[in-house]
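Accompanying notes for the structure given below.
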Amino acid sequence: MQLPHTSIMNTFAVSRFDEVYLPSINRNTFENLNSKTLYDKVFTNILTEQDKLYIFIGLDSGLLPNYLLSQNIADGAQYVFVELPEVLALLNIELEPEKQKYIQIMNPEKFEHNLDKGRYRIFITKGLFEVHLSLGASSHHIEAYNELTHQLKDAVNKSHFQEQKGFNQQMFVNKQLANIAENRFPASVLKGQFKNKTCVIVAGGPSLDTHIDWLKQNSSNFIIIAVSRIAAKLHQYGIPVDIVVCIDPNYISFDVSQSMFKLPNDTLLVQSYHACPAISAQWPGPILYMGNRFPWIQKDDADNIQSIGPTVSNSAINLAVEMGFNRIFLSGVDLCYSKTGLTHANGTLEANVGPNLGRIREWVETYEGFLAETPIQMLEAIKDLENQITPHTHIHFYNLSSAAAKVKGIRYIPLNECQLTPLKNRIIKHIPPASFSPLNIVQRHADLIECKHKVTCAISDLNQILNETKCALNLTKNLTLNSISATKTINKINRIEQKLNREHSTLCQLIKFYGYFEFTYFLTSRNTDSWTQSHINQMTIQYYKAFEKTIISLLAAFHVGKNRLAVRLSELDPSTPLTVLADKWNIYKQPARSKFWKILHYDNLSTLSYADKILLTNLENDFKKQCQNISQYYERVLQKNLNINSILDKILILKSQKNVYGLNQLIQNLATQSKKNELIMHMYHLAKGFKLHLEGLPQEALDTLLNITPTKLTEIELREIILLAFELRNLTLASETLKKIIDYSDEYMPQFAHVQRLQGNHQAAINTYLDYLNKYPKDTKTWLKLGRFMFDINQAEAAHTAFSNALNAEPSNELARQYINELDKILNPQAQ
Numbered sequence: 006m007q008l009p010h011t012s013i014m015n016t017f018a019v020s021r022f023d024e025v026y027l028p029s030i031n032r033n034t035f036e037n038l039n040s041k042t043l044y045d046k047v048f049t050n051i052l053t054e055q056d057k058l059y060i061f062i063g064l065d066s067g068l069l070p071n072y073l074l075s076q077n078i079a080d081g082a083q084y085v086f087v088e089l090p091e092v093l094a095l096l097n098i099e100l101e102p103e104k105q106k107y108i109q110i111m112n113p114e115k116f117e118h119n120l121d122k123g124r125y126r127i128f129i130t131k132g133l134f135e136v137h138l139s140l141g142a143s144s145h146h147i148e149a150y151n152e153l154t155h156q157l158k159d160a161v162n163k164s165h166f167q168e169q170k171g172f173n174q175q176m177f178v179n180k181q182l183a184n185i186a187e188n189r190f191p192a193s194v195l196k197g198q199f200k201n202k203t204c205v206i207v208a209g210g211p212s213l214d215t216h217i218d219w220l221k222q223n224s225s226n227f228i229i230i231a232v233s234r235i236a237a238k239l240h241q242y243g244i245p246v247d248i249v250v251c252i253d254p255n256y257i258s259f260d261v262s263q264s265m266f267k268l269p270n271d272t273l274l275v276q277s278y279h280a281c282p283a284i285s286a287q288w289p290g291p292i293l294y295m296g297n298r299f300p301w302i303q304k305d306d307a308d309n310i311q312s313i314g315p316t317v318s319n320s321a322i323n324l325a326v327e328m329g330f331n332r333i334f335l336s337g338v339d340l341c342y343s344k345t346g347l348t349h350a351n352g353t354l355e356a357n358v359g360p361n362l363g364r365i366r367e368w369v370e371t372y373e374g375f376l377a378e379t380p381i382q383m384l385e386a387i388k389d390l391e392n393q394i395t396p397h398t399h400i401h402f403y404n405l406s407s408a409a410a411k412v413k414g415i416r417y418i419p420l421n422e423c424q425l426t427p428l429k430n431r432i433i434k435h436i437p438p439a440s441f442s443p444l445n446i447v448q449r450h451a452d453l454i455e456c457k458h459k460v461t462c463a464i465s466d467l468n469q470i471l472n473e474t475k476c477a478l479n480l481t482k483n484l485t486l487n488s489i490s491a492t493k494t495i496n497k498i499n500r501i502e503q504k505l506n507r508e509h510s511t512l513c514q515l516i517k518f519y520g521y522f523e524f525t526y527f528l529t530s531r532n533t534d535s536w537t538q539s540h541i542n543q544m545t546i547q548y549y550k551a552f553e554k555t556i557i558s559l560l561a562a563f564h565v566g567k568n569r570l571a572v573r574l575s576e577l578d579p580s581t582p583l584t585v586l587a588d589k590w591n592i593y594k595q596p597a598r599s600k601f602w603k604i605l606h607y608d609n610l611s612t613l614s615y616a617d618k619i620l621l622t623n624l625e626n627d628f629k630k631q632c633q634n635i636s637q638y639y640e641r642v643l644q645k646n647l648n649i650n651s652i653l654d655k656i657l658i659l660k661s662q663k664n665v666y667g668l669n670q671l672i673q674n675l676a677t678q679s680k681k682n683e684l685i686m687h688m689y690h691l692a693k694g695f696k697l698h699l700e701g702l703p704q705e706a707l708d709t710l711l712n713i714t715p716t717k718l719t720e721i722e723l724r725e726i727i728l729l730a731f732e733l734r735n736l737t738l739a740s741e742t743l744k745k746i747i748d749y750s751d752e753y754m755p756q757f758a759h760v761q762r763l764q765g766n767h768q769a770a771i772n773t774y775l776d777y778l779n780k781y782p783k784d785t786k787t788w789l790k791l792g793r794f795m796f797d798i799n800q801a802e803a804a805h806t807a808f809s810n811a812l813n814a815e816p817s818n819e820l821a822r823q824y825i826n827e828l829d830k831i832l833n834p835q836a837q
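The structure is reproduced here in structure tokens:
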């Protein structure tokens, strides 16, 4: 990590609580309250989670790790302190070997090197980590801490994202098994239906709002494929939606896409095999699936259209390619934030929250030549999309927005240059009639029975594999360091492996795919010629432990799939009590299944019992609530956007990077929100002040910062005002501001003394210097400054005393020695 140079002083102070600290880092933080009291307030209940990685930026002069060592350590937790190299050089912290098992202290370079190694990897992969700032780092007065915070969080989040790409298959397989009952008809029936025709893929990017009228006026000229979260908006504006695409397995997908249930019941949903079951199980219209219906059976869907990630837009584009379109227009596929910082079109939850204010993202170029921020997921989607469309040279890809991220192979085209011809027929053919209605009970029942049989057989085979794996693990107990004996045991184990691969090859492949993360423990970076018998034995044990653990998890997922199939079969059986089904539907968050049940069994509701009528009404109300409620988790994610600390972090990072363009965009976005919140207005003036200063407009920058309420000024603003005052030679303002900033840290006192000297207040300057040096007698540089000052005002003896004190503080200081020698000649000319 490249960090800016700091000016942290090698000067320690002792608080009135007898705690030693570095004032240049911690200011006066520990003078009013002792460190334990402060940390108890800051870290209450956030360091108690088991099996979690806690990353701290900064040591607070060593007081923070001391505090942690005095606490009860959570089981399985790891605590890592990352400190600036120049600070580590000043501190002498040694941990006992026993403590080093769960607490580590390191510099940024070592942390970055170890990020994806050893003990941290499982925490990063599973998202079981938190980043906390020391009190010194959280005060934002040291630029290097701001930069370290940004770089470390960025590195950790990118590592988590990359690891998750190889870890998400468990979630995908789990949802795939849960969706078997709904994934009845493959999307391959759509292949080639619209050769040489035009389609528009509509996603939820901010540019969509500028295309609504054009889409409505020209909808008769193309097929519209919409992502699930935006489909209802198009319908609301009278724009026909031919196909809805959904791929996200998380329940949040239902939260953001719930309005799609307002679409006509004959709207076609094309979903990924792993789409959110709350959507697929409750969709009232026809459903086709992309990918494989069964995770362990590939051949049945070898010809199916595939679901391509990482975003729904990638899958929608692949669907359009397979359907034969030779012109594919993109609307709302921005893959970046707008100039106003919005992430999504109007009407979406994200747009209601407002622009991106506090999240620091990557930067990409747009078609109009500007830079725009984008999250790492979108950056990945851009790269994947470029690779995805490269082979299809016969297809013309166009983005309708000049503000979209530039993608190689996709051209920007203005709306008025799109040449369109009427679409003679927009009927989508070959959709199985049974996908429109649940009324074909016989066919539905046969399909469910067949699926249940396949799942049951797979569960039986998995149990056989588990038993063989346990036999292999028992054999590993006989492994010794005797290579001859160990080889015989390993040969027996290998025969079990060969048997499994021969009799259950597809399920063994699924196990290794599903347990990717567990099997990484088996992998080694050692060359084979350096393998010892002990190393081989350990690898063998880890391999079969991974097998055992993965099979147990996979069996649980298979049983969920089997139970879902059993529920669907029970829905077809008129003798199944509605109360039994309702309990299952509520557990699975699928109350709208009651609508299918009602269609199947009770066209005439008069034959229903009163209790069942009430239950059906309750289920319908539950679904309405489900379509109105937003999960608290999702709301928390959105509200992070307005976190003042995050906004301040972003401003300081953009300033340290001298990113005027980024600051200007943030200023515009803050301006739209500033009337809602005084703190946002404060951030607006701070960002604008920094930007104007970077642009070489010091007076304008100062005027902007002085708009902040004086009582709200922090060290950050005061320091910038002082810099501007010096630049503008406004000594009065510099002096007044230095009086205020001294409350934050004594280190500003020498600067204040210098301003007093420039103003001609010599005695006041001398007093300020002496007050400071009385507290910090080891500050050689300030003694030298005082000595030169005293010499300049013809106080030679006082100057000699100051230089002597500098030499006492640092005996090797040659400059102090030279000054003393010169003064000796002046004060004692006879001795020469």
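Residue numbers for the sequence shown follow our numbering, so the first one is 6 and each next one is one higher.
In this text, a Cβ means the ideal position worked out from N, Cα and C, and glycines have one as well.
Any idea which residues DSSP pairs residue i with across the strands?
i, result
"residue 294", "191, 276"
"residue 134", "58"
"residue 86", "61, 110"
"residue 251", "276"
"residue 283", "According to DSSP, residue 283 bridges with nothing at all."
Does residue i pass the burial test, meaning 16 or more other C-beta atoms within 10 Å, or should it be called exposed?
i, result
"residue 40", "buried"
"residue 462", "exposed"
"residue 519", "buried"
"residue 785", "buried"
"residue 465", "exposed"
"residue 655", "buried"
"residue 569", "buried"
"residue 765", "exposed"
"residue 97", "exposed"
"residue 804", "buried"
"residue 19", "exposed"
"residue 298", "buried"
Please list the terminal residues of the continuous alpha helix (DSSP H) segment that includes residue i.
i, result
"residue 476", "446-481"
"residue 58", "Note, residue 58: premise wrong, no alpha helix (DSSP H); beta strand (DSSP E) at 58-62."
"residue 727", "720-732"
"residue 182", "174-183"
"residue 602", "598-606"
"residue 335", "Run containing residue 335: none in the alpha helix (DSSP H); it sits in the beta strand (DSSP E), 332-336."
"residue 767", "767-780"
"residue 804", "801-814"
"residue 50", "Counting along the chain, residue 50 falls outside any alpha helix (DSSP H), and DSSP gives it neither H nor E."
"residue 754", "754-763"
"residue 308", "No alpha helix (DSSP H) contains residue 308, which DSSP labels as neither H nor E."
Give the straight-line distance between the Cα atoms of residue i and residue j, rounded to the nearest whole angstrom.
i, j, result
"residue 587", "residue 626", "13 Å"
"residue 601", "residue 289", "8 Å"
"residue 179", "residue 561", "9 Å"
"residue 127", "residue 113", "20 Å"
"residue 87", "residue 62", "5 Å"
"residue 177", "residue 314", "12 Å"
"residue 440", "residue 446", "12 Å"
"residue 728", "residue 757", "13 Å"
"residue 283", "residue 592", "11 Å"
"residue 574", "residue 481", "44 Å"
"residue 376", "residue 368", "6 Å"
"residue 799", "residue 761", "17 Å"
Can you tell me where the beta strand (DSSP E) with residue i in it begins and where it stops?
i, result
"residue 299", "It is not in any beta strand (DSSP E) - residue 299 carries neither H nor E in the DSSP assignment."
"residue 367", "367-370"
"residue 378", "376-379"
"residue 403", "401-404"
task: Only counting runs of 4 or more residues, tell me where the alpha helix (DSSP H) segments fall wholly within the region 199-247, in order along the chain.
output: 217-223, 236-241
query: Can you list, in chain order, the stretches of the alpha helix (DSSP H) that have 4 or more residues and sit fully within the region 654-729?
result: 665-678, 683-699, 703-710
message: Going residue by residue through the region 544-631, where are the continuous alpha helix (DSSP H) segments of at least 4 residues, counting only ones entirely within it?
response: 583-592, 598-606, 615-631
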